[in-house]
Amino acid sequence: MSFSNKIAIGAGVAAPILVLAADPAAAAVSAETRYVLNTFSFLVHGFLVMWMAAGFAMLESGLVRTKNTATICLKNIALYSVAGLLYYAIGYSLMYVDVDQVIGSFSLLYNPSDAELALLNAEEATDELVAPVVENGYAVMSDWFFQMVFVATAASIVSGTLAERIKVWPFLIFVVVLTAVIYPIQGAWTWGGGWLSQLGFSDFAGSTIVHSVGGWAALTGAIILGARRGKYGPGGRVNPMPGANLPLATLGTFILWFGWFGFNGGSQLALGSAADATAMAIVYVNTNLGAAAGVVAAMALSQAIYKKIDLTMTLNGAIAGLVSITAGPDLQNHLLAIVIGGVGGCLVVVAVPLLDKLKIDDVVGAIPAHLVAGIWGTLAVAIFGGGDLVAQITGIVAIGAFVSLASAVLWLALKATMGIRVSAEHEDLGLDMAELGMEAYPEFGRGSRAI
Amino acid sequence: MSFSNKIAIGAGVAAPILVLAADPAAAAVSAETRYVLNTFSFLVHGFLVMWMAAGFAMLESGLVRTKNTATICLKNIALYSVAGLLYYAIGYSLMYVDVDQVIGSFSLLYNPSDAELALLNAEEATDELVAPVVENGYAVMSDWFFQMVFVATAASIVSGTLAERIKVWPFLIFVVVLTAVIYPIQGAWTWGGGWLSQLGFSDFAGSTIVHSVGGWAALTGAIILGARRGKYGPGGRVNPMPGANLPLATLGTFILWFGWFGFNGGSQLALGSAADATAMAIVYVNTNLGAAAGVVAAMALSQAIYKKIDLTMTLNGAIAGLVSITAGPDLQNHLLAIVIGGVGGCLVVVAVPLLDKLKIDDVVGAIPAHLVAGIWGTLAVAIFGGGDLVAQITGIVAIGAFVSLASAVLWLALKATMGIRVSAEHEDLGLDMAELGMEAYPEFGRGSRAI
Amino acid sequence: MSFSNKIAIGAGVAAPILVLAADPAAAAVSAETRYVLNTFSFLVHGFLVMWMAAGFAMLESGLVRTKNTATICLKNIALYSVAGLLYYAIGYSLMYVDVDQVIGSFSLLYNPSDAELALLNAEEATDELVAPVVENGYAVMSDWFFQMVFVATAASIVSGTLAERIKVWPFLIFVVVLTAVIYPIQGAWTWGGGWLSQLGFSDFAGSTIVHSVGGWAALTGAIILGARRGKYGPGGRVNPMPGANLPLATLGTFILWFGWFGFNGGSQLALGSAADATAMAIVYVNTNLGAAAGVVAAMALSQAIYKKIDLTMTLNGAIAGLVSITAGPDLQNHLLAIVIGGVGGCLVVVAVPLLDKLKIDDVVGAIPAHLVAGIWGTLAVAIFGGGDLVAQITGIVAIGAFVSLASAVLWLALKATMGIRVSAEHEDLGLDMAELGMEAYPEFGRGSRAI
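Chains as they are written, first to last, in our numbering: chain A, 959 to 1409; chain B, 959 to 1409; chain C, 959 to 1409.
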């Protein structure tokens, strides 16, 4: 038993003794309180996940070169906006409303329920008006908000891999389709109650459904788009193109870690009972331990292999630890979270040079951190968490195949029509001057117009 | 109906079935629970709004030139501090305590209620002690905290517009008066229950009462202070003075967006019932959609007009979308939030060059984003939300006239006494070396002492 | 009485009238609701404190020179990770489990309680399963999470002082021992219910137990490690080595301030009653006022002494104000918070040059802000808050002696074995190239490989 006497000192009031009332019903959470708590959990955890959009923006801003920094900032705020609008217009309904095995409803827009509107527009909140609202368990739009920030996360992953050579508008059109159609359809299979959930596929907060989906879309795009000019030299030489601002990349990683408590914690989907609150605490702890293990593993392995600690690898180790634990952060033995996150951190150190060997140019390391670790985390649910290995593999393969295929078709269509890659001149000049006509840091460093 | 089966997979416990107890009272939120939830809502949403102070600091740091960056950092942390101290000393009481149509109480300091102190200092929390506390609906100081971060927001808006040429101490004296007197008096008219609220003026979270107030104070200051040296050349030429660090400006915008869930969501002022939680979820969604629409509208319009996407304009589009939806984020049709935010984003693109034509030098674009969009959002409540147009216009004009007049008197008094503008030599040298004797980035770029 | 009518306008529903039910039990917070609220408070406030790790990373990144920036980023994410792993493995049990006056249990790892696991793994949440869980007052792991982020804070403080010359791995080994053993043992004395708590030593959220502990470890390290090369010249000359990125330092300070609402607010340790919620609101307000007063005091004093406002001093003034109020943020007279924080801000301005006179090289000013202000804040509890002065002094001295001695032994052992300081060549080159083989800002400024 833990013992903490801060309260007696702090509050100046005798700590209330927790007694259960004689009547068990009086000791329980009332239905309306539960509704409020569940709703508030979606909102609080939702704003944390929304904040991850800033994390991706900073991580990517720090890992590109100065001449492409303003563009990556623009793309990140734009993709978050586009994702939110499209998920409102189409995506959410496709994913969650009346899902029939593989797809939900094509209804446009998504709004509060009639019962909610009746309550809000009444003079008085009578029991008759409150009851049907409360019965849903949470406010309808709070769930929308929480799910929306997830689709934005998937879109954010794509942005970093393709940085420094993709055109802005075609990229945003890809985001439109990804968030309106591709992500929601595969999401319906599991979280919408479709065929994968019935098969027993288990992905608590989205190692596969969010992170690998972003990773597959990014990988397909990287292959079709090609590497940055000069990245891969003759004879297998890989030219380093170091990120321009590592403190920003570090900040971005911390933001992601912070936001991940919302990502995983909120995916408990409820807070209104002792069981839910207890489970949520476990999720928080596993999330933190997985990330911490990813950091230490990536540091140690990069020291062992390269005789230096690589900061970028370490940051991606944190992310990989987080992605790895995302499929099963409800594991009740916390030691397993350390194992799972640590393996995730090692996978990054192994996968980054492997991608370079394949000449797949992933500017920020998103494919190792989100796709590879996402697959690992989803398998780990079967290995350590009692999940069904066949169901897990089926989910990984089915979602991977669908997203890769759909993304490839879309990338190729964009390439054939408006083109997806800037000209060689524009790439050398940098996207900031070419596409935006401005510089991210006009007074710093070389070649800036201010000097 | 949305369907989500994450919980059954996640929690490992059968999802609790939400049944309403036979006795409706047992199903409702108890008075003490409601008190706790309302209080916690003020604290959580309050810390989000406090975080907006960092957002303004980063936005403005990114949009000024390097030689004035340390000064803008200093001004932002100082103004937040000054605002908090003065709102504690005088402001809150003037705005909320015993408001008599136009002004509240002149009592100094603001402290917990006697009932609260009696409860906290008791040996045991008896029903007799709890009841009078709970009756207030929320902890007295939680409301103070939430209102305090709003006044700080108004002060933050002024700082950006006047950057790069105003002296530090006179600026802070302006903040003293703004947060102790000017803001509270006009706030009393509506949120304190004064004459504007009785007229039916409606401003949910402060498009006018916070954002336009900051905007009017900034506009008055910009006119009296004059433009930066060299900003406007002969023949109507406008010399660009690009911001030195656009990733920081992007970060600042993301912080503001994140914090705005507190700004608008917390302005529901209660969380302790199904109706409040439902309304709060709607507010979150509208806030996000308004901002997203502002981004997309500003991007599209700047592309159409200038054939380039302007990142700064896009960031201000997000802010304008947020400001626009702030007067009516409780609209029950989310499509309207998209319309309102989108118009806000367009207004920025139009208003920025217009100010330049008038030779009003607004360094960060705060006047378009906060004042113009604030007026629009307040009108939109009447246009789309059923508010009274006459009341809305009355509120906009009355608050605008009062704040502009009071600010002008104050700026002119400061100008006549201690002076508000640094010397031409100091302006050319930069405020950092002139007023602080230090550089923000001593090792970067041109002219730094480190090179 | 404060009056706010936002709700009537906003929600569109008549504001629920708060009536206490005839039956007092029905008006109170149920035991299960209290459990949920207490747990959620630990999680929300815990994530805020976790975010302080990013604050330290940014503060320190901004205050070191560019050539050591990537290393300080690495150390900050690594120390947070190491602290979490070790506090899980050993530290928490030593501090909180079965504490016998001076030390807790040596049991390894820390996991959910049997009662919690029984509830989570049941088919249905029966009263018999819920009751023993709820009796604990909060989810076991939520408390772990909240306490873990505190130990990480103590470790973060050490990192900044020793920047720019310490080797990475020995530093991390120090963090291992600090977070696994040193911090937990002294923490057990008070928060674990040991001898200091029985003596009446009072430290609400850790002015001494967290901040001074970090400060003593840093001070001991600074003395043993020695100053940076060239910092102190002949004749008492102090060579300024200005921080490379002051906006980042400002951001870091804002993050710390933001996170401190979790640090102090969460240390109420409960949210599930009117008394707790009321007390928590008071804590938030004092925290903010203490920081604000620290800022204004540091600004004014640095203006008076140096005729310039020093930004770095001002930022440390905020931190000192926060540290000062941390021992007693539950004071019921808010004016005292202003006094306590203001004195803290002044102490920074005095202590920084004093350390330089003693040739103790504290790169970021952590010793004045955390150690000196921590001692002051702990004394202030006796001076203003009714605490026992002898108990306070006993706590300060006992903890200071223990931590200094243990740290000194550890630093000397590390120095004798693997060495703690980089070579003079590596120090001149910068730790980033020497230890990491990379640069934080490869395209900016002088001497970078990109130019």
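Cβ coordinates follow ideal geometry from the N, Cα and C atoms, glycine included.
Can you tell me which residues form a DSSP beta bridge with residue i?
{"i": "Y1190(A)", "result": "V1196(A)"}
{"i": "R1379(B)", "result": "I1124(B)"}
Can you pull the chain B neighbours of residue i, defined as C-beta to C-beta under 7 Å?
{"i": "S1019(C)", "result": "Near S1019(C) there are no residues of chain B at all, since even the closest Cβ is about 13 Å away, more than 7 Å."}
{"i": "M1008(A)", "result": "F1216"}
{"i": "P1400(A)", "result": "P1200, A1202"}
Since residue i contacts residue j with CB under 8 Å, what's their CB separation in whole angstroms?
{"i": "G1173(A)", "j": "M1053(A)", "result": "The Cβ separation is near 19 Å, so there is no contact."}
{"i": "F1000(C)", "j": "F1103(C)", "result": "6 Å"}
{"i": "V1243(A)", "j": "I1035(C)", "result": "Wrong, their Cβ atoms sit about 18 Å apart, outside the cutoff."}
{"i": "A1121(A)", "j": "M1396(A)", "result": "In fact, because the Cβ distance is near 17 Å, the residues do not count as touching under 8 Å."}
{"i": "A1097(A)", "j": "G1042(A)", "result": "18 Å between Cβ atoms; not a contact."}
{"i": "L1044(C)", "j": "V1107(C)", "result": "No, L1044(C) and V1107(C) are not in contact; Cβ-Cβ is about 13 Å, not under 8 Å."}
{"i": "N1274(C)", "j": "V1308(C)", "result": "Not quite, the Cβ-Cβ distance comes to about 12 Å (not below 8 Å), so this is no contact."}
{"i": "M1008(C)", "j": "F1216(A)", "result": "6 Å"}
{"i": "G1210(A)", "j": "A1256(A)", "result": "Incorrect: roughly 16 Å between the Cβ atoms, too far for contact."}
{"i": "A1249(C)", "j": "A1276(C)", "result": "5 Å"}
{"i": "V1196(B)", "j": "D1268(B)", "result": "About 14 Å separates the two Cβ atoms, so there is no contact after all."}
Interface residues of chain A around residue i at Cβ under 9 Å?
{"i": "L1078(C)", "result": "A1233, T1236, A1237, I1240, D1288, Q1290"}
Please list, in chain order, the chain A residues whose beta carbon lies closer than 7 Å to that of residue i.
{"i": "F1342(C)", "result": "By Cβ distance, chain A contributes nothing, its closest Cβ being about 14 Å from F1342(C), past 7 Å."}
{"i": "A1097(C)", "result": "A1235, T1236, A1239"}
List, in chain order, every chain C residue whose beta-carbon is nearer than 8 Å to that of residue i.
{"i": "V994(B)", "result": "V987, L995, L1229, G1230, S1231, A1232, D1234, A1235"}
{"i": "L1394(B)", "result": "K1266, I1267, D1268, L1269"}
{"i": "V1088(A)", "result": "By Cβ distance, chain C contributes nothing, its closest Cβ being about 10 Å from V1088(A), past 8 Å."}
{"i": "E1383(B)", "result": "The contacting residues do not exist; E1383(B) stays about 16 Å from chain C at best."}
{"i": "G1403(B)", "result": "F1402, G1403"}
Would you mind telling me which residues of chain C sit closer than 7 Å to residue i, beta carbon to beta carbon, in chain order?
{"i": "M1257(A)", "result": "A1036"}
Under 9 Å between beta-carbons, which chain B residues line up against residue i? List them in chain order, please.
{"i": "L1206(A)", "result": "P1205, L1206, L1209"}
{"i": "A1327(C)", "result": "The contacting residues do not exist; A1327(C) stays about 14 Å from chain B at best."}
So which residues on chain A does residue i lean against when the C-beta distance must stay under 8 Å?
{"i": "F1212(B)", "result": "W1009, A1011, A1012, A1015, I1035"}
{"i": "A1349(C)", "result": "Chain A residues near A1349(C): none, gap ~11 Å exceeds 8 Å."}
Please list, in chain order, the chain B residues whose beta carbon lies closer than 8 Å to that of residue i.
{"i": "V1254(A)", "result": "None at all; the shortest Cβ gap to chain B is about 27 Å."}
{"i": "V1002(C)", "result": "V1002"}
How would you list, in chain order, the residues of chain C whose beta-carbon sits under 9 Å from the beta-carbon of residue i?
{"i": "G1151(A)", "result": "What G1151(A) touches in chain C: nothing, since even the nearest Cβ is about 20 Å away."}
Problem set entry | Residues in the segment 1288–1317 of chain B having any Cβ partner in chain A nearer than 9 Å | D1288, Q1290, N1291, H1292, L1293, I1296
Exercise. Is the segment 1332–1345 of chain A in contact with the segment 1139–1156 of chain A, if contact means three or more CB pairs nearer than 8 Å?
Worked result: no
For this session: Indicate whether the contact test is met: 3 or more Cβ pairs, each with one atom in the segment 1235–1250 of chain B and one in the segment 1356–1368 of chain A, closer than 8 Å.
Result: no
For this session: Return the residues of the segment 1018–1045 of chain A that lie within a Cβ-Cβ distance of less than 9 Å from chain B, sorted by chain order.
Result: S1019, G1020, T1027, A1028, T1029, I1030, C1031, L1032, N1034, I1035, A1036, Y1038, S1039, V1040, A1041, G1042, L1043
Exercise. If you measure beta-carbon to beta-carbon, which residues of the segment 1100–1118 of chain C are closer than 9 Å to chain A?
Worked result: S1100, D1101, W1102, F1103, Q1105, M1106, V1107
For this session: Assess, as a yes-or-no matter, whether the segment 1290–1300 of chain C is touched by the segment 1160–1171 of chain C under the definition of 3 or more beta carbon pairs within less than 8 Å.
Result: no
Exercise. Using Cβ-Cβ distances below 7 Å, what residues of the segment 1165–1194 of chain B are close to chain A?
Worked result: none
For this session: Determine contact between the segment 993–1013 of chain A and the segment 1222–1233 of chain A, defined as no fewer than three beta-carbon pairs at a distance below 8 Å.
Result: yes
Exercise. Taking three-plus beta-carbon pairs below 8 Å as touching, is the segment 1014–1032 of chain C in contact with the segment 1199–1209 of chain A?
Worked result: yes
Problem set entry | At least three beta-carbon pairs within less than 8 Å, the segment 1122–1140 of chain A to the segment 1066–1074 of chain A | no
Exercise. Closer than 7 Å, Cβ to any Cβ of chain C: which residues of the segment 1117–1145 of chain B, in chain order?
Worked result: V1126
Exercise. Are the segment 1319–1330 of chain C and the segment 1377–1386 of chain C touching by the rule of at least three beta carbon pairs closer than 8 Å?
Worked result: no
For this session: Can you give me, in chain order, the residues of the segment 1060–1073 of chain A that have a beta carbon less than 7 Å from any beta carbon in chain B?
Result: L1067, N1069, P1070
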